[in-house]
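> Take a look at the following structure, please.
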Amino acid sequence: MRRGRRMDWWGGNREGMDFKRQSIFILMIRQCTEGDIPQVAGIEELSFEHPYPAFVFKKYLRAVFLVSDENGKITGYIIGVKMGGRGLVISLAVHPEYRRKGHGRKLIEALMEEMDNISVMELQVRIGNKGALEFYRSVGFERKGIIPSYYGNGEDAVLMFRRKGQ
């Protein structure tokens, strides 16, 4: 190596190169733990007009309850249960700062993978929640029907489904 030139570990030369500090973000999908509940409840409050209280999440810890974890920060969650040969999405939410970055898609795919022995996944979404309806269509869910006055305020729900393997 000649003096005056900096050589990197791969033998490259840094002269004239613009290196910017970049962070590495590792997104991990894993089972929710009781210690995750405060962050999950915080995401719930940011995401829904009528959020579930924290104690509800504790009841689902034995279900398929997955969180997206980016470098130790919970960015989203999904809860699913099996009912016979089908699965039901109980709730899905992604922190507003992490939406449209693939976290919701990864949570859906992980849930579908975890739920073996099901043929179809179903969910209900508020008819007025256009963002959620668009998202679920983008990840392969189809509209099955309307459930009139499903929610406490009288709002209808859209029933959606996705066949496993789609």
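Just so we're aligned, residue 87 is where the sequence shown starts under this note's numbering, counting upward by one. C-beta atoms are modelled at their ideal positions from N, C-alpha and C, and glycine is treated no differently. Quick caveat: nothing in here was measured; it's all calculated off a predicted structure.
Considering G128, what are the terminal residues of the alpha helix (DSSP H) in which it resides?
Per DSSP, G128 belongs to the alpha helix (DSSP H) from 123-133.
> Taking three-plus beta-carbon pairs below 8 Å as touching, is the region 176-187 in contact with the region 225-238?
Because the criterion of three Cβ pairs below 8 Å is not met, the region 176-187 and the region 225-238 do not touch.
> Please state whether the Cβ-Cβ distance between A179 and E130 is less than 7 Å.
yes
> With which residues is D202 paired in a DSSP beta bridge?
Partner(s): none; D202 has no beta bridge.
> How many Å lie between G121 and A196 at the Cα?
21 Å
> Out of curiosity, what's the CA-to-CA distance linking G162 and D155?
8 Å
> Taking just the CA atoms, how far does R116 sit from R249?
Their Cα atoms are separated by approximately 23 Å.
> Quick one: Cα of G217 to Cα of E135, how far?
Pairing G217 with E135, the inter-Cα distance amounts to about 14 Å.
> Taking the continuous beta strand (DSSP E) assigned at Y163, which residues delimit it?
It spans 159-169 - the beta strand (DSSP E) in which Y163 sits, taken as one unbroken run.
> For P124, which residues of its own chain have a beta-carbon under 8 Å away from its beta-carbon, when the five flanking residues on both sides are left out?
A140
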